[in-house]
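*Asks:* Chains A and Y are the protein sequences, given in the same order.
Final position of the first sequence in the numbering used here is 256; the numbers increase by one with none missing.
Final position of the second sequence in the numbering used here is 163; the numbers increase by one with none missing.
From the three backbone atoms N, C-alpha and C, an ideal C-beta is built for every residue, glycine too.
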Amino acid sequence: MSSDTSKQADASRRDFLTMTATAAGAAAIAPGVFLTSPAVAKPADEKVTGDKRWGILIDTQKCANGCTDCVTACQTENGWGGENDPEKHSSDEQRAQWIRKAELKDRATGHVISLPLLCQHCETPPCADVCPTGASFKRADGIVLVDKHICIGCRYCMMACPYKARSFIHEDLKDQLPWAPRGKGTVESCTLCVHRVDEGRTPACVEACTAENHNAMFFGDLYDENSEISQQLRKHGGKQIRADLGLNTGVRYRGI
Amino acid sequence: MSQTTVLRRVFGVWLAALLALPVAAFGDGDALPFSKLSIAEPQRHFSPTQACVEPEEEMRRNHMEYILHQRDETMHRGIRTRQYALEECINCHATKDDSGNYIRVEDSRHFCASCHTYASVSIDCFQCHSDVPVRASALSGQHSGTDLARETLRFLASEGKSQ
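The following block contains the structure:
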C-alpha cells in the first residue's frame with residue numbers, strides 16, 4: 001500500500017516537472033515551435049509497437065496557396081521528382097507523387113483552400129486490404145508502407161486508395177538514396193519519413209513547413225495525450241478527408 | 001510391333017545420340033566446352049584491419065540470409081541496427097577505380113558484382129538500393145554523428161560488454 005502511494009507521488013512529481021519543463025520551453029519560443037523534438041528516439045534494436053500512432057495535422061488556413069515547400073522537402077529527402085527526375089519517359093500523371101499540393105475552390109463563395117495531400121496513413125488502409133502479396137501493410141505504429149521486396153507491381157492498391165496517394169515507377173532508376181530505396185515495377189507512396197521517425201525526428205515536409213515559419217503542419221503521436229498534435233486536435237479539432245469511408249486517417253486537416 | 005516397343009526404340013536412338021554429342025563436340029582436342037572463354041576471378045576487397053560482421057566462411061555462404069533477415073526486421077518491425085544492414089556492406093566493401101570514383105555495380109570489378117558474375121548469380125538488390133556509399137558508416141566510428149548512428153554504436157558497445 002505504502003509503495004503504491006510513493007509511486008503515485010513519484011509519478012505526479014515527475015508529471016509536474018515535465019509540465020514545468022514543457023511550459024518553460026513553450027514560453028521561450030513561438031507557439032508550435034519547440035526546442036526539443038516531439039518524438040523520443042527508440043533504441044535501434046527495438047521493434048515498433050502499437051503504443052504509438054503517428055499522425056500529421058495540417059492547418060489549411062496557414063497553408064499558403066502556391067507554396068510547395070513541403071513537396072520540395074519530400075523530393076529532396078526521398079529522391080523523387082525534382083529537376084533531375086530520371087523518369088523521363090513518363091507523363092506527369094504517371095510520375096512519382098508522394099505528396100502534392102491541392103487547391104479546393106468553393107464554387108458558391110469562391111473561397112480557395114490550399115492543402116498538401118499525401119498518404120493519409122489510415123487505421124484500416126484499403127491498399128493493404130486489396131494487396132495480393134502482403135506488400136502493402138500497416139506498421140504497428142500506424143505507418144502505412146509498401147514492402148517493395150514483395151510488391152509485384154499489380155497496382156490494385158493504387159486503385160483502392162481513395163486519396164490517389166500512390167504512384168508506380170515505370171522506369172529504371174539510378175542513384176537512389178540508401179534510406180529511401182525505390183525501383184522500377186513497384187508502387188510507392190509517402191512513408192511518413194519512416195527512417196527519420198525511427199530516429200526520433202519529424203518527417204521532412206513538417207520540418208520544412210516549420211523551418212520556413214509557415215507552421216501549417218504538426219507531427220506527433222496521436223495516442224500521447226500530451227503531444228503537440230493531440231493537444232491541437234483536442235483544442236481545435238481536425239477533420240478527415242472522406243470521413244464517410246470510416247478509415248480513421250492518421251493525417252487530419254483543419255479548416256476544410 | 002507394339003506401340004510401346006516403337007517408343008522405346010525411338011527413345012534409345014535419341015539417348016545414344018545425346019551421349020555421343022559431347023564426344024563429337026570435343027573431337028578437336030578442346031578439354032572443356034568453354035575453356036577458351038575467360039571469366040574474371042572474383043575480387044577480394046576486405047579491410048585489412050576490420051573483420052567482417054561474421055567469419056569470412058560464414059559470410060561467403062550465408063551473407064544473403066543475414067541481409068534477408070535484416071530486410072524484414074527493418075521493413076516490418078522498424079529495427080534499424082546496422083550490423084547486418086546492406087548499406088554497411090556497401091560502406092565497407094565498395095572500391096574506387098584508378099581515378100578515385102566508386103565502381104558501380106554494372107562494372108564487374110564492383111565487390112558484389114565480381115563474385116556474382118563469376119558465380120553467374122543475378123541479383124536485383126541494386127535496382128533499388130544504392131551500390132556505392134552515400135552516407136558515412138555508422139560502424140567505422142568515423143560517422144557523421146546522427147542520432148541513429150550514436151544509438152547503434154551505444155547498442156553495439158553494450159552488446160560487446162555483455163558477451
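Tell me, please, whether the CB atom of Gln70/Y is closer than 9 Å to any CB atom in chain A?
*Replies:* One-based indexing of the second sequence puts residue 70/Y at position 70. So, not an interface residue.
*Asks:* Give the straight-line distance between the Cα atoms of Val194/A and Ile99/A, rounded to the nearest whole angstrom.
*Replies:* The residue labelled residue 194/A in the question sits at position 194 within the first sequence. The residue labelled residue 99/A in the question sits at position 99 within the first sequence. Each residue's alpha carbon lies about 15 Å from the other.
*Asks:* Against chain Y, does Gln75/A count as a neighbour if the rule is that its beta carbon must be under 9 Å from one of theirs?
*Replies:* On the first sequence, residue 75/A is found 75 positions in, with the first residue counted as 1. It does not; no Cβ of chain Y falls within 9 Å.
*Asks:* Identify, in the order they occur along the chain, each residue of the same chain with its Cβ nearer than 8 Å to the Cβ of His170/A, setting aside the five sequence neighbours on each side.
*Replies:* Within the first sequence, residue 170/A is the residue found at index 170, counting from 1. Hits under 8 Å: Glu87, His89, Ser90, Gln94, Lys184.
*Asks:* Does Leu115/A come out as helix, strand or coil in the three-state DSSP assignment?
*Replies:* Sequence index remark: in the first sequence, residue 115/A carries index 115 (1-based). Strand at Leu115/A.
*Asks:* Nearest chain Y C-beta to Thr36/A closer than 9 Å, yes or no?
*Replies:* Translated into the one-based positions of the first sequence, residue 36/A becomes position 36. For Thr36/A, the predicted model reports a pLDDT of 46, less than 50, meaning its position is unreliable; a value from the coordinates is still stated below. Not an interface residue.
*Asks:* Step through the CB atoms of chain A and report whether any lies within less than 9 Å of the CB of Ala79/Y.
*Replies:* Along the second sequence, one-based indexing puts residue 79/Y at 79. It should be pointed out that residue 79/Y corresponds to Ile in this sequence rather than to Ala. So yes, Ile79/Y belongs to the interface.
*Asks:* Taking the runs of the alpha helix (DSSP H) that are 4 residues or longer, which of them lie wholly in the stretch 134-168 of chain A?
*Replies:* Correct list: 156-160.
*Asks:* Do you know how far the Cα of Ile241/A is from the Cα of Ala140/A?
*Replies:* Within the first sequence, numbered from 1, the residue matching residue 140/A stands at position 140. Within the first sequence, numbered from 1, the residue matching residue 241/A stands at position 241. Their backbone Cα atoms lie some 23 Å apart in a straight line.
*Asks:* Determine the DSSP secondary structure at Ile56/A, reduced to helix, strand or coil.
*Replies:* Within the first sequence, the letter at position 56 stands for residue 56/A. If DSSP states are grouped into helix, strand and coil, Ile56/A belongs with the strands.
*Asks:* Taking the Cβ atom as the reference point for each residue, do Pro133/Y and Ala94/Y lie within a distance shorter than 9 Å?
*Replies:* The sequence position of residue 133/Y within the second sequence is 133, counting from 1. The sequence position of residue 94/Y within the second sequence is 94, counting from 1. In contact: Pro133/Y and Ala94/Y (Cβ atoms closer than 9 Å).
*Asks:* Between the stretch 44-61 of chain A and chain Y, which residues of the former have CB atoms less than 8 Å from a CB of the latter, in chain order?
*Replies:* Cβ contacts with chain Y: Ala44, Asp45, Glu46, Lys47, Val48.
*Asks:* On the three-state DSSP scale, how would you describe Phe111/Y?
*Replies:* Residue mapping note: residue 111/Y aligns to position 111 of the second sequence, counting from 1. Correct three-state label for Phe111/Y: helix.
*Asks:* With the cut-off set at 9 Å, would you say Tyr302/A and Gln120/A are in Cβ contact?
*Replies:* This structure does not reach residue 302/A, given that chain A is present from 1 up to 256, and the question cannot be answered.
*Asks:* Going by DSSP, name the residue or residues bridged to Phe219/A.
*Replies:* Start at 1 with the first residue of the first sequence, and residue 219/A comes out as number 219. Answer is Ile56/A.
*Asks:* Using DSSP with H/G/I as helix, E/B as strand and the rest coil, what is Tyr84/Y?
*Replies:* As a first step, residue 84/Y must be located in the second sequence, where it is residue number 84. Three-state result, Tyr84/Y: coil.
*Asks:* Just verifying my parser: in three-state terms, what is the DSSP assignment at Ile229/A?
*Replies:* On the first sequence, position 229 is the one that residue 229/A refers to. Reduced to three states, the DSSP call for Ile229/A is helix.
*Asks:* Report the rounded CA-to-CA distance for Trp179/A versus Asn84/A, giving the unit in angstroms.
*Replies:* Start at 1 with the first residue of the first sequence, and residue 179/A comes out as number 179. Start at 1 with the first residue of the first sequence, and residue 84/A comes out as number 84. Each residue's alpha carbon lies about 19 Å from the other.
*Asks:* Is Val134/Y close to chain A, meaning its C-beta is less than 9 Å from at least one C-beta of that chain?
*Replies:* If you number the second sequence from 1, residue 134/Y lands on position 134. Yes, because at least one Cβ of chain A sits closer than 9 Å to the Cβ of Val134/Y.
*Asks:* Against Cys128/Y, what residues of chain A qualify as contacts under a CB-to-CB distance less than 7 Å, listed in chain order?
*Replies:* Here the question's residue 128/Y lines up with position 128 in the second sequence. Lys148, Gln176, Pro181, Arg182, Gly183, listed in chain order.
*Asks:* CA-CA distance, Ala203/A and Gly246/A?
*Replies:* Here residue 203/A is taken as the residue at index 203 of the first sequence, counted from 1. Here residue 246/A is taken as the residue at index 246 of the first sequence, counted from 1. The sequence shown places Pro at residue 203/A, not Ala. The alpha-carbon atoms of Pro203/A and Gly246/A are separated by roughly 25 Å.
*Asks:* Under 8 Å Cβ to Cβ from Pro153/A, same chain only, skipping five residues before and after it: list those, please.
*Replies:* Here residue 153/A refers to the residue found at position 153 of the first sequence. What sits at residue 153/A in the sequence shown is Gly, not Pro. Around Gly153/A: Phe168, Gly185, Thr186, Val187.
*Asks:* If you count every other CB in all the chains shown that lies within 10 Å of the CB of Ser3/A, and 16 or more means buried, which is it?
*Replies:* The sequence position of residue 3/A within the first sequence is 3, counting from 1. For Ser3/A, the pLDDT reaches just 42, beneath the cut-off of 50, and the residue's location in the model is therefore unreliable, although a value from the coordinates is still provided. By the 10 Å Cβ count, Ser3/A comes out exposed.
*Asks:* For the structure I just gave you, are there three or more beta carbon pairs, one from the stretch 52-66 of chain A and one from the stretch 214-230 of chain A, closer than 8 Å?
*Replies:* Yes: at least three Cβ pairs fall under 8 Å.
*Asks:* Which same chain residues, not among the five before or five after Cys63/A, have their C-beta less than 6 Å away from its C-beta?
*Replies:* Numbered from 1 along the first sequence, position 63 holds the residue referred to as residue 63/A. Within the same chain, Cys63/A has close Cβ partners Ser114, Leu115, Ala216.
*Asks:* Using 8 Å for Cβ pairs, my map puts Ala135/A next to Val146/A. What's the rounded Cβ distance?
*Replies:* Mapped onto the first sequence, residue 135/A falls at position 135. Mapped onto the first sequence, residue 146/A falls at position 146. About 6 Å separates the two Cβ atoms, so the contact holds.
*Asks:* Where do the N-terminal and C-terminal ends of the beta strand (DSSP E) with Glu103/A fall, by residue?
*Replies:* Sequence index remark: in the first sequence, residue 103/A carries index 103 (1-based). Glu103/A -> beta strand (DSSP E) spans 99-105.
*Asks:* Between Ser108/Y and Gly200/A, what straight-line distance do the alpha-carbon atoms span, to the nearest angstrom?
*Replies:* Numbered from 1 along the second sequence, position 108 holds the residue referred to as residue 108/Y. Numbered from 1 along the first sequence, position 200 holds the residue referred to as residue 200/A. Roughly 39 Å separates the two Cα atoms.
*Asks:* Within the same chain, show all residues whose beta-carbon is closer than 6 Å to that of Asn91/Y, passing over the 5 residues directly before and after it, in chain order.
*Replies:* Taking the second sequence and counting its residues from 1, one reaches residue 91/Y at position 91. The residues are Pro133, Ser137.
*Asks:* Assuming Arg71/Y and His149/A form a contact by the criterion Cβ under 8 Å, report the distance between their Cβ atoms to the nearest whole angstrom.
*Replies:* Position 71 of the second sequence, counting from 1, holds the residue named residue 71/Y. Position 149 of the first sequence, counting from 1, holds the residue named residue 149/A. Rounded, the Cβ-Cβ distance is 6 Å, consistent with contact.
*Asks:* For His76/Y, return the contacting residues in chain A, with the cut-off set at a CB-CB distance below 8 Å.
*Replies:* For this step, residue 76/Y is matched to residue 76 along the second sequence. Going along chain A in sequence order, the residues near His76/Y (Cβ under 8 Å) are Phe137, Arg139, Asp147.
*Asks:* Residues in the same chain with beta-carbon distance under 6 Å from Val81/A, minus the five sequence neighbours each way, listed in chain order, please.
*Replies:* One-based indexing of the first sequence puts residue 81/A at position 81. Reading off the sequence, residue 81/A comes out as Gly, not Val. So the list reads Gln75, Ala96, once near-sequence residues are dropped.
*Asks:* Under 9 Å, Cβ to Cβ, is there at least one residue of chain A near Glu54/Y?
*Replies:* By one-based count along the second sequence, residue 54/Y stands at place 54. Chain A, which has no Cβ nearer than 9 Å to the Cβ of Glu54/Y, makes this no.
*Asks:* On the CB-based measure, 16 or more other CB atoms within 10 Å of its CB, does Gly142/A come out buried or exposed?
*Replies:* Residue mapping note: residue 142/A aligns to position 142 of the first sequence, counting from 1. Buried, because 16 or more other Cβ atoms sit within 10 Å of the Cβ of Gly142/A.
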